[in-house]
Structures are given as C-alpha cells and as structure tokens.
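Undergrad:
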Amino acid sequence: MLWALLLVPLGMSGVLWILPKAAAKAAATIGALAEVAVWAAVLVRAPHRLALVWNWIPEWGIRFHLGVDGLSLFLLGLSAVLTWAAVFVSPAERGRTYFFWLLLLEFATMGLFLALNLFVFYLFWEAILIPIFFLLSAAPRPQARAAALKWLIMNLVGSLFMLVGIVAVAVIHAEVTGRYTFEIAALAGTPWPAGSVGWLLTAFLIAFAIKAPLWPLHGWMPEAYSEAPAPVTALLAGVLSKAGIFGLLRVLLPLFGPALVPLRMGLLVWAAVDLVYGALVALRQKDTKLVAAYASMSHLGMIALGVFSLTRAGILGATFQMVAHGLMVGGLFILLGWLEEATGTRELGRLGGLSRHLPRLAAYFQFFALAVLGLPGLPGFVGEYLIVQGLVAGAVGFAVVAVIVLVVAAWYMLRLFQGTMQGPPPTAPAPGRDLGPRQLAFVLPMAGLILLLGVWPASITSRAAPTLYRAVGLVGHAAVGTGIGKGGMR
Amino acid sequence: MVYLLPKILVAGGALMSLLATLGLPRWRNGAFWVALVLLLAAGVDAAVLWQAEGNLSLLVAGSMIADPFSSLVDLLVVAAGVSSLLLSWNGDRYGPEFPALVAVAVLGMMMVAEAGNLIWLFLGVEVLSLPLYVLAASERTALGGEAGLKYLLLGAFSSGILLFGMALLYGATGTTLFVRYPNLPLGTGFGLYGVGFLLVLVGLGFKVAMVPFHMWVPDVYEGSPTPVTNLMAFGTKVGAAAAILRLVAYGFYPQAQWWSPLIGYLAVLTMIVGNLLALPQRDLKRLLAYSGIGHAGFLLVGIAAHNFLGSMAAVFYLVPYGLAAIGAFALIRLVEGNGEGVQLDDLEGLAYAHPWAAALFIVVMLSLAGIPLTAGFIGKFYLLQAALVANQTGLAVGLVVGTLVGLAAYLRPLQRMFARSRSERVQAFRWSWAGGAVLVVAACGTLFLGVYPSPMMHIVDQSANFFWLR
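Quick note, the sequences are listed as chains A and B, same order.
So the mapping is simple: my numbering equals the position in the first sequence, first residue as 1, plus 493.
So the mapping is simple: my numbering equals the position in the second sequence, first residue as 1, plus 293.
Given below as structure tokens:
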C-alpha cells in the first residue's frame, strides 16, 4: 500500500514520456487522482499499522523504512490533494516537462512524509529541491533563474549541515550503544553527550527553519514565491513549507526533546518574531502574491509557536493547522493566479472594484481570505485555537502575542480583499473572463473540503492524536520528567 | 602470469592497433576496433581476476601487488580507456595512432595502482603521462598545442620532484620497495625519510590535481580534444588516487599522525578552491576541470581519514566521479559535433530540442553536485561517515562547504538548457551511437548506484581491505 503512494506518481511521471505530448496534462491529472485514491485507501486502513521495511544498505544499517502515523497521515493527503489541484489548474500548454516535474515533486514529498529512517528522510528532503528548481528555471522571466538558484542554494546550505548532523547522530549513537543505525525510533532515546547536543540541534534546526521558512532565513521566499507559476507557488506554500515543520516534529522532537525544554523560551521568542515580522511585512506589500507569501510566513510562525510550546495541545494544533493552512493558502494562491490571469497585473495599486466584473472569483476569493484569517467555523480558527490553548498552558505571554497578530492577520487579508475586489473601479485594462465551469470544478471541492474541516475538525484530530504524541516523543520514556506539558489535553 | 594477463592484453592492444594502422590502410577503423576489443577483454579478465584473488601477493620482487584493489583499479581505468575510445568514434582528426596511445596510457594507469616498489611506480607514472602529452596535442590546433606543451613541461617538472623524493627515500631506507618501509626501524619522526615522502606526495599531487599543484589542469583540459580530456579526468585521477592510497596505506601508515592532518588540510583546500573556481567558468570543459580538482579533494578526504571506512570511501568515490565525468564529456562530445569546446551558452534550448540528452546530462551533473538518488550522494555520504568516524569534524565540515560552494557551478549549465532560445550547436546536434552509449551507460550507472549501492559497496569492501586499518 505504501509502495503505491510512491510508485503511482513516479510511474506516471515516466509514462508521460511514452504518451503523446498533447496527453501530458490528462495523464498527469489521472496520476494525481489515482494518488488521491491510494491515499484514501490508506486513510481507511489507517487504524491498522501500515509500515514498509526493506533492508536497503545493510552495510550502513540503513533500512528503507516507511510508515504512516498520526503526524504524516493527513500531510500525505494534503500533498495528494494539492498536487491534484496544481495539475488540474495548470494549462496544458505548459508542456510535458512541467507536469513531469510536478509528479516527481509529489513523489518526493510523499517519500518525505512517509520516511521513518533518517537517511531516507534526508534523501527525500533533498529530492524535493530538484523539481522546484527546474520548475522555477523554466519559468518565463529571467529573474526566475536567479530565484531558482537562490532557492536551491539556500536550502542546500541548511540541508548539508543537517547531513553532517545526521551522520554525527548515527556515529555518536553507535559510540554510546554500539549499534550503527539511522532509524529515528532507535535514535530517539539516546543520551547525547553534553558537548555535542548543541551543535547537533542547531544543524537540524537551521535546515528546518530555512525550508519553512522562518525569519531570518526566509531570503529565498519572496523571489521564489513570486516568480513561480501560481500552481507551483500553491505547492510551495501549501505543502513544501510544511516540510520544515514536519521535520521539527518528526526528527527534532523525538531526538532532542529533553534537550529542547531548557531552550523553549528562546525558540518561542524566535517563532513569535517570525509571526509578527511576517504579519507586519504582509501589511506593507503592494504585490498581491507577496501579501499572501508573507501571510503564509506569519502563519508558519504561528505553527512553530504551537510546536515549540511543547504541549500536547500546541502540537496537535500545529499538526491540524499544517493541513488546514496548506489547503487554504494553496487555494488562495491559485485564486490569485487566476486574478493575475484575468487582469494582467499583481499590483494592488492598479486593481480594485473587481467584484462587479468577476463576481464568482470575488466570492471564492473572499471565502479563502476569510479562511486564512481564521474566521470561526473555518479550519484556520480551529488550529489557531488549539495552538493558543497550548500557549496559555505553557507560556501565556506568547498567547497574547499570537492573539494580537490574529487581528493583524484580519487586517492584511481584508486589505488584500478590499484592495482588489472592492472600492473604485480599476485603472488597469478591463478584466477578462470570470471563473468558468472548469475552474469551478476545482474551487468547489476545495472550498467544500475546507468547510468540512472547519465544522468537523475531529476528522483529523481524533485520528491523529493517539499516534501523534508517540511519534513526536511526548509519550514514552523520552518525555518522562522533562516538563513537557499536556496543555489541557488528556 | 595469470595476473599479468590484463596488462598483456592492453599492451597487446596498443601494439596491434599500431600494426593495424600500418598494415590495413583500407580498413579505416581497424586500429580503433582492435584497441577497443582488447581493452574490453582486459576488463573482463580483470573482473575474473578480481573474483579469483584472495589476499595480496607480491610479484616481481614486490614491484607488483596482486590484490583485488589492483584488479578493481584495472577495471576502472579500462572503463576510462574504453569510454575515451568510444568518444573518439569517427575521429579521424585525432590521428591514426590515437587508439594505440590510449591503450598505452591505460597500461600506465594499471601499473601505477599495483606498484609496491618506487621504481615501478615511477615507470607507471611515465608510461601514463607520455602518451597523454602527445594525445593532448593530437588535434594540432593552437589550443591543443598549448595544452600539450604545458602538460609536458609541468609533467616533466612533477616527474622530477617525484624522482627526487624517491631518491631521498632510497637514501634514507636503502630500498625502493616501499611496502617494506613499515618494518624498518625508522621511528615515527620526520627526517630525510619525511622529506622524501613529501616530495613523492607532491609529485603524485600534480597528477591527481591537488591544490596547490593544480595550475596545469584547466588549460590542459580545455585545450585537449574531448576524448583525451575524458581519459585525463577519469583515468589519470583513478591511477594517481590509487597510487597515493597504496603508498600511504602500505608504506607510511606508522607515520599517519603527521601526514593524515597534512592531507586533511590539503583536501579541504582542494575541495574549496576547486569548487570555488568552477563557479565563474563559461567553458564547460574548464568547469569540469575545476570540478575535477574539487573532486580530487573529496578523494583525499577518504585518504586523510585514515581508517578502513575512509579507504573504502575513497575507492568508492572513484566510481561515481568517473561515471559522472564520462557522462559529462560524452555530452560535450555530442554537442560539440565537429567543433571544439562547449560554452555554457551553447547548451541553450537543449532540454526542449533533445529532452533525452538533457535528462541524462541532468543525472550526471546532479551526481557531481551530490544530490540524493544519484551515485555522487552515496559517495559523499560514505566520505562523511569516514570523516566523522575518524573524529575529524573539520574534514566533514570542509567536505560540506566544498559541496556547497560547487553547487551553483553544476546547476548553471542545467539552467541554460531550459532557456527558450536555441543555440546553433543545439540546432546542429546529432546523436552518435558511441557518444550516446557512453552517456546512457554513465547516467544509468549513476542512477543505479544512487538507488541501490549495496553491490558496489560489497565490491569496494572486498577491494580496499588494507588489513591494518581494520
């Protein structure tokens, strides 16, 4: 079953080259849909333990170990759904190579979320970079090439130091226990020597923060987000940014949970700075896509706050918010792409009053904007509520900051909506067509899914919670006596 | 005698292909086919010998060390020679003696790796270098002439240093049989013996392109015909790296406490300088030249780590590097057609005009950059483990920094391929079966090693078990 999650996108990306060029998009859509179906089958079977182990490189104690638990289950779904969305809304003229890279990207993200072995984790962690690099390189504007290089190099700076960290973790573990292994579960309880735990932690933390991105390591983000085609930006913000947070939960907490507790205040301040910085910068942007980009960065600060609160509520909230935020912000970027297509511009100053010409786009745009700003009844609210609950239990001051930023979030999202859809008519050339049936076929299911998560968050939380706490090391020997709180959760 | 068979086959290939150029003027490609078939036969024989060999045995009074390591190196240099021959397909312009000279150079590379005696080592270095001096200038262009002359002068210079070092070693020990050195009462100090060792290291450092002895590399690589550059980049590096590994692991392991840090510092310097200088290059061959320097640094990491894992990692790394190098040179050969040299701009539009060539090239370049799922990543991971197990964190960080610095160099050519315009070279692009075969084999091998490295690791494990490192 888990093989299928990897082989469907990989195989389909190969099949693309056999089929005629014109069929590329259709084939990619079928592949992405099949992946959603495979994920649905995994979801149905998820109460059972799903794992896959292959003794890959026995010389180094490396096993190709994949598994599904509460942490990864819904992120896999997010990746499947958003990839389908990205393929579905991309025009067929983008060509075969484009769809090939999209499917390969899905393969890499699926592998990352499934990995339970540090070597496998790293493998897919870097594999993610390549499709995005080529998708950006092939984008029309010359600036896109620079953005692509920046994306790759900044991310690799982080991940190569993480690579040193990974090998060092295995070597130190072997010195302590005599067993050379890269299994995350086996490495989890290791008593790290006091001298090395600091730099090991840093090596991992920086890699994850660059991918998310968290301030001040977000240098690649504005260019990559604005140069990429809208569906690719949706994937970047919706799925790939979650990879960084996922790394925190999958690797950092289990391996270094006890060591993180004394650092908690510093980490919380860091996440809070990112939260506030992203929100304030989003307020000042004149480019619609960049407003959403910095908004997304601010939300990642919020999710990181939930993780660093080191409480059950905060971590459950972060897990929920990752999925919800992915769907919402992915949809928002796709809508912004259509807006750009219809008007030919992204400048807020040249847009305005579009709701009269594009009523359907305006309606759905409003829905996604409200979801992103955290309106109760929609999933953004649920995630933020849980995170704030965790913060209240652990560090009340940060809960206050988070709630204040929620107000700023409402401000920048409404500014974006009002600036484009309401107010005086635009000075830009007359807008093109409103959403057609094909676009509605995308936007309706997405909106439905978001609404479902908003009114029935337990669909995720109840399935995720039990295995989640174990996966991130909140339950079990690693958590004993470390001061990791429950945050009001049972 | 059985052990000598691969060398005899290669030497026979050189002679018979010379005869073929004389005796059969009608059969134009005779020399090519004779050399190719005999090189392939030597490769098969080396593989058979690899399986047959157990522990090491000394032949010809210790001049030759017959062990799986020699056979593995034989296989690798034969691969280099075969790929160079294939890339020269239809290359009347390189002159009729081209295949014979390639075979002689391959013979020299084989000798270097098996030497247990300084004299044999020196002979090997000369047998490998002399044909390359000629080959570098074989196209009779101005750049080629410059390359040949530069290579000759610096090669003679480095040979002189090498020989001087060997003389000092002989003076200090009374024997040229370096495998005996650890048994001699030399202590662990420096002295005449140390100076001699350093000079030998410098002489071999020229061949492996170690910084600061790398100055000749870019000009020679750029000026030489592509098949010759391929032979230098893969074959010479394999031979020289194997010789250094053999020398330090067999002759000088008691003195590891001072040469291991020295090689470590040089390795870090080589990795960073090589990759840094690769960044601004516009000529693909120059870029690969600097990349070759950087990769020499990676190889030295394994040697400097001086443990079992390190020697295995260094030997393993030769394979990904070699595959990537021959793949890249095959693409250069395909793109350059009847011209010489490929600028980065010449690659524009290749991804749309010839997606398969572009895809294969992407694989080998990503391997050079060390991206996962390619062989290059496994090689770097191997070296990283060796450095950290040896508790040399500086070496590990240097390796990572070197990799980082070089990234943009490998990625910019790939980006050029996705440009919307098409260069003249791309428009004139023609597949040739030989170049295509080399490219396909290199890229498939790279992917296979990246996805399933276990078999190769087993081979390396068997080959590089220098017993005192265990």
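Here a beta-carbon is modelled for each residue, glycine too, at the ideal position from N, C-alpha and C.
What residues from the stretch 647-660 of chain A come within 7 Å of chain B, judged by C-beta to C-beta, listed N to C?
TA: Correct list: L649, V650, L653, F654, L656, V657 and V660.
Undergrad: Give the range of the beta strand (DSSP E) segment to which A:F557 is assigned.
TA: I555 to G560
Undergrad: Using a threshold of 7 Å, state whether the C-beta atoms of B:M750 and A:E552 are closer than that.
TA: Cβ distance < 7 Å, so B:M750 and A:E552 count as in contact.
Undergrad: Answer with yes or no whether the minimum CB distance from A:S689 to chain B is below 7 Å.
TA: At a cut-off of 7 Å between beta-carbon atoms, A:S689 makes no contact with chain B.
Undergrad: Does DSSP put B:A683 in a helix, a strand or coil?
TA: Coil at B:A683, not helix or strand.
Undergrad: Can you check whether the C-beta of A:I511 is within less than 7 Å of a C-beta belonging to chain B?
TA: No, its Cβ sits nowhere closer than 7 Å to a Cβ of chain B.
Undergrad: Residue range of the beta strand (DSSP E) that A:V546 falls in?
TA: A544 to I550
Undergrad: Just the chain B side, please: which residues come within less than 8 Å of A:E552 by C-beta, in chain order?
TA: Neighbours of A:E552 on chain B, chain order: S747, M750, H751 and D754.
Undergrad: So, is B:Q344 buried or exposed, given that buried needs 16 or more other C-beta atoms within 10 angstroms?
TA: exposed
Undergrad: Mapping DSSP to helix, strand and coil, what is B:T667?
TA: In the displayed model, B:T667 falls within coil according to three-state DSSP, outside both helix and strand.
Undergrad: Here's a check: name, in chain order, each residue in its chain whose Cβ is nearer than 6 Å to the Cβ of B:S451, leaving out the five neighbours to either side.
TA: G496 and F499
Undergrad: Do the stretch 671-680 of chain A and the stretch 726-742 of chain A touch if we need at least three Cβ pairs shorter than 8 Å?
TA: no
Undergrad: Buried or exposed: where does A:T836 fall if 16 or more other Cβ atoms within 10 Å of its Cβ makes it buried?
TA: buried
Undergrad: Do you know offhand how far B:L697's Cα is from B:L580's?
TA: 16 Å
Undergrad: Report yes if the CB atom of B:M459 is closer than 7 Å to the CB atom of B:L421, and no otherwise.
TA: no
Undergrad: Which chain A residues sit within Cβ distance under 7 Å of B:I412?
TA: Neighbours of B:I412 on chain A: none; closest Cβ ~37 Å, over 7 Å.
Undergrad: Kindly give me the distance between the Cβ atoms of A:Y615 and A:L656, rounded to whole angstroms, as I take these residues to be in contact under 8 Å.
TA: 6 Å
Undergrad: Could you check whether the Cβ of B:I664 sits closer than 7 Å to any Cβ belonging to chain A?
TA: yes
Undergrad: By the three-class DSSP mapping on this structure, what secondary structure does A:E716 have?
TA: Residue state, collapsed to three classes: helix.
Undergrad: Inspect the beta-carbon positions of B:P285 and B:D360 and report whether they are closer than 7 Å.
TA: In the structure as shown, chain B begins at 294 and stops at 763. Residue 285 of chain B is therefore absent and cannot be evaluated.
Undergrad: If I measure Cβ to Cβ from A:F801 and keep anything under 7 Å in the same chain, skipping five residues before and after, which residues do I get?
TA: R757, L760, L761 and A764
Undergrad: Which residues does DSSP list as the beta-bridge partners of B:A408?
TA: B:M357
Undergrad: Between which residues of its own chain and A:K476 is the CB-CB distance below 7 Å, once the five residues before and five after are set aside?
TA: Residue coverage of chain A in this structure runs from 494 to 983, which leaves residue 476 of chain A outside it and unanswerable.
Undergrad: Within the stretch 687-747 of chain B, note down every full alpha helix (DSSP H) run reaching 4 residues or more, in order along the chain.
TA: 717-720 and 726-744
Undergrad: Are the C-beta atoms of B:V693 and some chain A residue less than 7 Å apart?
TA: yes
Undergrad: Using a Cβ distance threshold of 8 Å, determine whether the stretch 776-790 of chain A contacts the stretch 839-848 of chain A, with at least three qualifying pairs required.
TA: yes
Undergrad: CB B:A526 to CB B:G595, shorter than 7 Å?
TA: In this structure, B:G595 does not lie closer than 7 Å to B:A526 by Cβ.
Undergrad: Using the beta-carbon of each residue, which ones in chain B are nearer than 9 Å to A:F627?
TA: A644, I655, L707, Q708 and F711
Undergrad: Give the straight-line distance between the Cα atoms of B:L593 and A:R805, rounded to the nearest whole angstrom.
TA: Using only the alpha carbons, I get a separation of about 48 Å.
Undergrad: Between which residues of its own chain and A:V531 is the CB-CB distance below 7 Å, once the five residues before and five after are set aside?
TA: A497, L498 and V501
Undergrad: Would you list the one or two residues that DSSP bridges to A:N610?
TA: A:N610 pairs with A:E676.
Undergrad: If you draw a straight line from the alpha carbon of B:M404 to that of B:L416, how long is it in whole angstroms?
TA: 8 Å
Undergrad: How long is the line joining the alpha carbons of A:V965 and A:R743, rounded to whole angstroms?
TA: 6 Å
Undergrad: B:A235: which of A:F606, A:I625, A:F567 and A:V664 sits nearest, CA to CA?
TA: Residue 235 of chain B cannot be examined here, being either before or after the span of chain B that is shown, 294 to 763.
Undergrad: Along chain A, which residues have their Cβ under 7 Å away from the Cβ of B:V682?
TA: V664
Undergrad: Give the interface partners of B:K690 over in chain A, defined as CB-CB distance under 7 Å, in chain order.
TA: In the sequence as presented, Lys is not what sits at residue 690 of chain B; that position holds Val. Near B:V690 (Cβ distances below 7 Å), the residues of chain A are V657.
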